[in-house]
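Trainee: There's a structure below that I have some questions on.
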Amino acid sequence: MHQNRAAWIVAVKAKPFRVDTAPMYKPGRGEVLIPNHAVAVNPVDWKIQESGRYLNSYPFILGRDAAGIIEDVGEGVVRLHKGQRVIAHLHSPNSGNYAHAAYQFYSLAIEGLTASIPADISFEQAVVLPLAISTATAGLYLPEYLGLPLPSLNPGSSGKTLLIWGGASSVGATAIQLAIASGLQVIDTASSSNSGFVTSLGAEVFDRQSILPHSIA
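Put into structure tokens, the structure is as follows:
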């Protein structure tokens, strides 16, 4: 029988996490159970731990990004299946349910925030994407923000240009690729050491320490 273990935050601002047993979960409607092969640490995770904000009960489990192989699916799941390699954006502070957290052996994820990953991408490579994708898509596509047209494989030019500040970050790199897939020209800031990477994503790059080129005006 499988046993779950987790890194618990046991009280407000408690350090370090306490590694201990955790419940085994059964996926509910619209959920999948993922044994985690890789997890990522985001600034929001340690900021919640340091600030004592957003959590209403303790002990609790944090962690937003997970990657693994689906072991079980709940009712109503139609896009995902057992044995599928996936990434998931987990949201335990939002749901109030520590089953929706990454810092444990097994996590529950909702179908809408879970996506398959290709066989040629490792779990360690893929796990940096979920929160970055969610953050970038919220800023680009929600009507109350930029409200861009959704991305496509063969986008037509919108005639618009988007400036992204810091395209070498996980969120910035994701935003560049999504914006280009939505038909925008993208201009980005980056350090000289990261300019090659950002250029490879399709953006026009200028050194963040330099004077803005005429293309920004």
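Using this note's numbering, read the sequence shown as starting at 18 and increasing by one per residue.
Just so you know, even glycine gets a beta-carbon here, dropped at the ideal spot from N, CA and C.
Starting from L79, trace the alpha helix (DSSP H) both ways and give me its first and last residue.
Mentor: Position 62 of the sequence shown, counted from the start, is the residue given in the question as residue 79. Run containing L79: none; DSSP gives neither H nor E here.
Trainee: Find the nearest neighbour of G69 within the set A28, D89, R35, judged by alpha-carbon distance.
Mentor: Position 52 of the sequence shown, counted from the first residue, corresponds to residue 69. The candidate whose alpha carbon is nearest that of G69 is A28.
Trainee: Find the nearest neighbour of P52 within the set A23, I86, S74, I65, judged by alpha-carbon distance.
Mentor: As a first step, residue 52 is located in the sequence shown; it is residue number 35 there, counting from the start. The shortest C-alpha separation from P52 is found at I86.
Trainee: Is there contact between the stretch 80-94 and the stretch 158-178, where contact requires at least three CB pairs shorter than 8 Å?
Mentor: no
Trainee: State yes or no: is the beta carbon of S174 nearer than 8 Å to at least one beta carbon in chain D?
Mentor: In the displayed structure, chain D is absent; only one protein chain is listed.
Trainee: Given this structure, state the Cα-to-Cα distance separating P135 from R102, to the nearest angstrom.
Mentor: The residue you call residue 135 lines up with position 118 of the sequence shown. The residue you call residue 102 lines up with position 85 of the sequence shown. Between P135 and R102, the C-alpha separation is close to 8 Å.
Trainee: On the three-state DSSP scale, how would you describe E128?
Mentor: Position 111 of the sequence shown holds residue 128. It is helical.
Trainee: Please give me, in chain order, every unbroken run of the alpha helix (DSSP H) with length at least 4 that falls completely inside the stretch 28-63.
Mentor: none
Trainee: Can you find the residues in the same chain that come closer than 6 Å, C-beta to C-beta, to A192, ignoring five residues on each side of it along the sequence?
Mentor: Here residue 192 corresponds to residue number 175 of the sequence shown, with the count starting at 1. Cβ within range, chain order: A153, I181.
Trainee: In three-state terms, what does DSSP make of F223?
Mentor: As a position in the sequence shown, residue 223 is number 206, starting the count at 1. Here F223 sits in strand by DSSP.
Trainee: Might you give, ordered along the chain, the residues of its own chain that have their beta carbon closer than 6 Å to the beta carbon of P197, omitting 5 neighbours on each side?
Mentor: Taking the first residue of the sequence shown as 1, we reach residue 197 at position 180. It should be noted that the sequence gives Ile, not Pro, for residue 197. Once the five neighbours on either side are set aside, the close Cβ partners of I197 are V203, G219.
Trainee: Could you tell me which of A190, A31, R35 sits nearest to R22, measuring between CA atoms?
Mentor: On the sequence shown, position 5 is the one that residue 22 refers to. Ranking the options by Cα distance to R22, first place goes to R35.
Trainee: What residue does the alpha helix (DSSP H) around N111 start on, and which one ends it?
Mentor: The residue labelled residue 111 in the question sits at position 94 within the sequence shown. N111 -> alpha helix (DSSP H) spans 109-112.
Trainee: Starting from S133, follow its DSSP beta bridges and name the residues at the other end.
Mentor: For this step, residue 133 is matched to residue 116 along the sequence shown. In DSSP, S133 forms a bridge with V103.
Trainee: Between the alpha carbons of Y123 and L50, how many angstroms are there, rounded?
Mentor: Taking the first residue of the sequence shown as position 1, residue 123 is located at position 106. Taking the first residue of the sequence shown as position 1, residue 50 is located at position 33. About 7 Å.
Trainee: Here's the rule: buried if 16 or more other CB atoms are within 10 angstroms of the residue's CB, otherwise exposed. What is L148?
Mentor: Residue numbering aside, residue 148 sits at position 131 when the sequence shown is read from its first letter. Counting Cβ neighbours within 10 Å, L148 comes out buried, since at least 16 surround it.
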